[in-house]
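Working notes, structure below.
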Amino acid sequence: MLPEGIEALLPKDAARLEKMRRELLDLFQTWGYQYVIPPMVEFRDTLLTGTGGELALQTFNLTDQISGKALGIRADMTPQVARMASHHIHIGKAPTRVCYLGSVLQARGAKIEKSRSPIQVGVELYGSQHVKSDVEIIRLMLETLAVAGLQEVHLDLGHVAIFRDLAKNAGLGVEQEAELFEILQRKATDELEELLTAYQLDTAWHNAFYQLLNLNGDVSVLEEAKSSLAVGGVGVINAIEELQHVAELLQSIYPALPLYFDLGELRCYQYQTGIVFAAFVPGFGSEVARGGRYDNLTGELDGQPLPATGFSADIKVLSRLSTLSDEQADDVILAPDVNDVSLHDVVRQLRASGKTVIQELPGDQQQPEHSSTITKVNGQWQVNQ
115 MLPEGIEALL PKDAARLEKM RRELLDLFQT WGYQYVIPPM VEFRDTLLTG
165 TGGELALQTF NLTDQISGKA LGIRADMTPQ VARMASHHIH IGKAPTRVCY
215 LGSVLQARGA KIEKSRSPIQ VGVELYGSQH VKSDVEIIRL MLETLAVAGL
265 QEVHLDLGHV AIFRDLAKNA GLGVEQEAEL FEILQRKATD ELEELLTAYQ
315 LDTAWHNAFY QLLNLNGDVS VLEEAKSSLA VGGVGVINAI EELQHVAELL
365 QSIYPALPLY FDLGELRCYQ YQTGIVFAAF VPGFGSEVAR GGRYDNLTGE
415 LDGQPLPATG FSADIKVLSR LSTLSDEQAD DVILAPDVND VSLHDVVRQL
465 RASGKTVIQE LPGDQQQPEH SSTITKVNGQ WQVNQ
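To get the numbering used here, take the position in the sequence shown, counting from 1, and add 114.
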């Protein structure tokens, strides 16, 4: 009886997700990330500033009965956290690290999951442009997947500046860039050739954009990309070298981690500015976590650009895909329905030590499931198996 894409979690699933939630927030804290809680609802204009049209289509809209202004229910917490960091948290020149975890609501939902109510978890690092900050975020994403018990993770990397600089140096207008972007996302080779011909670009540009569809594979494709995309200029070469640096750092830490590079991958292109990445696991047709660099978003929010990189995931997906075996439920101790002060003291002490104690109620037709009972022996209440 729920709307499409809206789910309820029953006790077993809810308990597994809550355990993972606590472990992830503890993990982020050990890396120095401060926990923040953005509001569920904001003024629509503020909520969507700098995010492009894709997020606007995912946002549920309503009217504030007090101000009469248009409100939006958050569909992605990243822009909210960016504004919180730039307005209230980031002070001075030291990098700022924040994390978040909460429900979002999406008008359309993900293509694979069909869920419109993800529980988004993520981390963001502000104030550093160095490639090692991107590597830190990728490492923390991998640690997150390890906590979730996801195995055989494959990492997919790209760099949106490669396409952006190619389009700029080829002289494409905003509408032309958008058309080309859409075709590259669908990897429609025939349409790409027709469009480039219509743009009357030189053969060198034809070859460069066509190569974006083919430049994918292991780290060796990056050297090939330097020659294939040289027409794009210094910015393109610098972006490729950034990817090479990231690959070198990751391989030194995770020598067995499969790295895959796709230079035509443009996730969240509207506000990403640099390296983008996503994690995949076998048997699931979409990424389980994704992120990237977005150095311009805070500038559009308040006019003060702040370098930023981060990742996010849906903890409901992580919980469902987890290969960790469900732990046995905590021992449940059953206390009798007896109004005895000394019994109440024993029950209180057990609960204070973390034990689960259920007290019988008058008229119970069936005892709750339990592993131990509290009984009176020689005038003393004690736990017995």
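Backbone N, C-alpha and C define an ideal beta-carbon position, used for all residues, glycine too.
query                                                                                                                                                                            : result
Just the C-alpha distance for residue 393 and residue 209, rounded to the nearest angstrom, thanks.                                                                              : 25 angstroms
Pick from 173, 402, 249 and 178: whose alpha carbon is nearest that of residue 220?                                                                                              : 173
Find the nearest neighbour of residue 242 within the set 408, 426 and 115, judged by alpha-carbon distance.                                                                      : 408
Going by alpha carbons, who is nearest to residue 261 out of 146, 216, 319 and 139?                                                                                              : 139
Given a threshold of 16 other Cβ atoms within 10 Å of its Cβ, counted over all protein chains shown, does residue 202 qualify as buried or as exposed?                           : exposed
Give a yes or no on whether the C-beta atoms belonging to residue 431 and residue 402 are separated by under 8 angstroms.                                                        : yes
In whole angstroms, what is the alpha-carbon distance linking residue 378 and residue 302?                                                                                       : 12 angstroms
Since residue 492 is in the alpha helix (DSSP H), which residue starts that stretch and which ends it?                                                                           : Unbroken run through residue 492: none, as it is neither H nor E.
Can you tell me whether residue 341 is helix, strand or coil according to DSSP?                                                                                                  : helix
So, does the stretch 445 to 457 touch the stretch 149 to 163, judging by three or more C-beta pairs under 8 angstroms?                                                           : no
Taking only three categories from DSSP, how would you classify residue 180?                                                                                                      : coil
Among the candidates 264, 420, 152 and 156, whose CA atom is the shortest distance from the CA of residue 200?                                                                   : 420
Is the Cβ-Cβ distance between residue 251 and residue 239 less than 8 angstroms?                                                                                                 : yes
Since I believe residue 291 is in contact with residue 89 (beta carbons under 8 angstroms), could you give me their beta-carbon distance rounded to a whole number of angstroms? : Any answer about residue 89 is impossible in this case: the structure gives the chain only from 115 up to 499.
Suppose only complete runs of 4+ residues qualify. What are the alpha helix (DSSP H) ranges in the stretch 186 to 235, listed by chain order?                                    : 192 to 198
What separation, rounded to the nearest whole angstrom, lies between the Cα atoms of residue 128 and residue 475?                                                                : 26 angstroms
Across which residues does DSSP place residue 273 in a beta bridge pair?                                                                                                         : 389
Let's see if you can read the secondary structure: which residues bound the alpha helix (DSSP H) around residue 433?                                                             : 429 to 435
Beta carbon of residue 195, beta carbon of residue 232: below 8 angstroms?                                                                                                       : no
Classify residue 122 as buried or exposed, calling it buried when 16 or more other Cβ atoms lie within 10 Å of its own Cβ.                                                       : exposed
Rounded to a whole number of angstroms, what is the C-alpha to C-alpha distance between residue 460 and residue 229?                                                             : 45 angstroms
Need the endpoints of the alpha helix (DSSP H) that residue 304 sits in, please.                                                                                                 : 303 to 312
Count the other CB atoms within 10 Å of the CB of residue 244; is the residue buried (16 or more) or exposed (fewer)?                                                            : exposed
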